[in-house]
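*Asks:* Under full-length UniProt numbering, the first residue of the sequence shown is numbered 1, with each subsequent residue one higher. All C-beta atoms, glycine included, are put in the ideal place defined by N, C-alpha and C.
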Amino acid sequence: MTGLSARVIADLVVEIGPVWQARQDARRQQRPRRRAAGAKYKLVFVDRLLATLVHLRHATTHDVLAAWFGVDRSTITRAINEIRPLLADRGCRIESGVRLRTIADVVAYLDHTRLTGLMDATEIRVRRPTVKRAGRHQFISGKSRQNAMKALVISDARGRVLFSGASCRGSTADITQARQAGVADWLDHTLGVEMLTDAGYQGLGAQTLGQVITPTPKHQKKRLERMPGIAELRDRQRKSHARRRVRVEHTIAHMKNWRSLTRHLGRRDTLDDTVRAVAGLLSDHQHTQPIQQPVAALPAGTTM
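Written as structure tokens, this is what we have:
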């Protein structure tokens, strides 16, 4: 139901359980007691975690989850609102077990390991704002012509997610989102990071002293006809760049397998927590899967 292995779920229980219990104890101390002494929760922590994971994976409604677990709908709503921020705060896992929570952590990690980063933005459909709300048109994406919000995604060259978040309105340009998220500011502190992007980030390379690499721009066909061989060279450069950058597209596709990111039906202010929670869970899943080694080419005439 969740798409996660039993090992990942067990690690989540051990990691998040004490944090959730500590927050519940602190909340009881801040307000008068509303439950009788010794009363137990109708939905224990493990069930709350499983309900949140199923909701993120399949976008299951709260009514259906309430029927599954035999509780009220409001209980499921409170459980998801409690567990989802805890999942979002975990960050994305890397090989050493350390977690990357901010863009600054990602830039420092890429600078230390000398790995290539891949950056792109993805659109997530959201509910249309009400008619009388100011700035209603700002959620309309210029690309899909739908009400959406954008999330920034950074992965490594192997397609493993390193960061996802920095959500903004759908009308925001990709390069504007990256600047607002602080990508250019953090790249100013290093000169050894290589970040591959698409054409939507052209102009960011000059600002970061060439650390952000965009595909070779297209030129007019008549100008290329005057320079034999230049058109073929530019096509090879663009195809080579696309082959290296396609891994981040695969990462976004894996994230969209979680139905809560194909179309967000909840409140827009909770979308960023949902994106970060899914990214952290996906990174856990990616590090528990065996690495597939490329198959070497067999000599001619060899049979298997």
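By Cβ distance below 7 angstroms, which residues in the same chain neighbour THR130 in space, the five residues on each side in sequence not counted?
*Replies:* Here residue 130 corresponds to residue number 130 of the sequence shown, with the count starting at 1. Correct list: empty, nothing qualifies.
*Asks:* Rounded to whole angstroms, what's the CA-CA distance from THR172 to GLN29? Just pull it up for me.
*Replies:* Translated into positions along the sequence shown, residue 172 becomes position 172. Translated into positions along the sequence shown, residue 29 becomes position 29. Their Cα atoms are separated by approximately 43 angstroms.
*Asks:* For the candidate residues ASP273, GLN21, LEU115, ARG127, whose alpha-carbon lies nearest to that of GLY165?
*Replies:* The sequence position of residue 165 within the sequence shown is 165, counting from 1. Checked all of ASP273, GLN21, LEU115, ARG127; the closest Cα to GLY165 is ASP273.
*Asks:* Which two residues bound the contiguous beta strand (DSSP E) that contains ILE124?
*Replies:* One-based indexing of the sequence shown puts residue 124 at position 124. Start and end: 116-125.
*Asks:* Among residues of its own chain, excluding the 5 on either side of GLY280, which ones have a beta-carbon nearer than 8 angstroms to its beta-carbon?
*Replies:* Here residue 280 corresponds to residue number 280 of the sequence shown, with the count starting at 1. Around GLY280: LEU87, ALA88, ARG90, GLY91, CYS92, ARG93, ARG99.
*Asks:* For the beta strand (DSSP E) containing GLU194, list its first residue and its last residue.
*Replies:* As a first step, residue 194 must be located in the sequence shown, where it is residue number 194. Start and end: 194-196.
*Asks:* Give the C-beta separation of GLY170 and LYS150 to the nearest angstrom, bearing in mind that I take them to be a contact with Cβ-Cβ under 8 angstroms.
*Replies:* Position 170 of the sequence shown, counted from the start, is the residue given in the question as residue 170. Position 150 of the sequence shown, counted from the start, is the residue given in the question as residue 150. Right, their Cβ atoms sit about 6 angstroms apart.
*Asks:* Between which two residues does the beta strand (DSSP E) holding ALA166 run?
*Replies:* As a working mapping, residue 166 is identified with position 166 in the sequence shown. Per DSSP, ALA166 belongs to the beta strand (DSSP E) from 161-169.
*Asks:* Nearest CA to the CA of ALA277: which residue from ALA108, LEU53, GLN207?
*Replies:* Numbered from 1 along the sequence shown, position 277 holds the residue referred to as residue 277. Ranking ALA108, LEU53, GLN207 by Cα distance to ALA277 puts LEU53 first.
*Asks:* Of all Cβ atoms in chain C, is any one closer than 8 angstroms to the Cβ of HIS250?
*Replies:* The structure shown contains no chain C, having only a single protein chain.
*Asks:* Considering only the beta carbon of each residue, do residue 321 and ALA59 sit closer than 8 angstroms?
*Replies:* The displayed coordinates of the chain run from 1 to 304. Any statement about residue 321 would go beyond what the structure contains.
*Asks:* Going along the chain, which residues of its own chain have a beta-carbon closer than 7 angstroms to the beta-carbon of LEU43, five neighbours each way excluded?
*Replies:* One-based indexing of the sequence shown puts residue 43 at position 43. Once the five neighbours on either side are set aside, the close Cβ partners of LEU43 are PHE69, VAL71, THR75, ALA79.
*Asks:* If you run the structure through DSSP and keep just helix, strand and coil, what is LEU152?
*Replies:* Here the question's residue 152 lines up with position 152 in the sequence shown. Correct three-state label for LEU152: strand.
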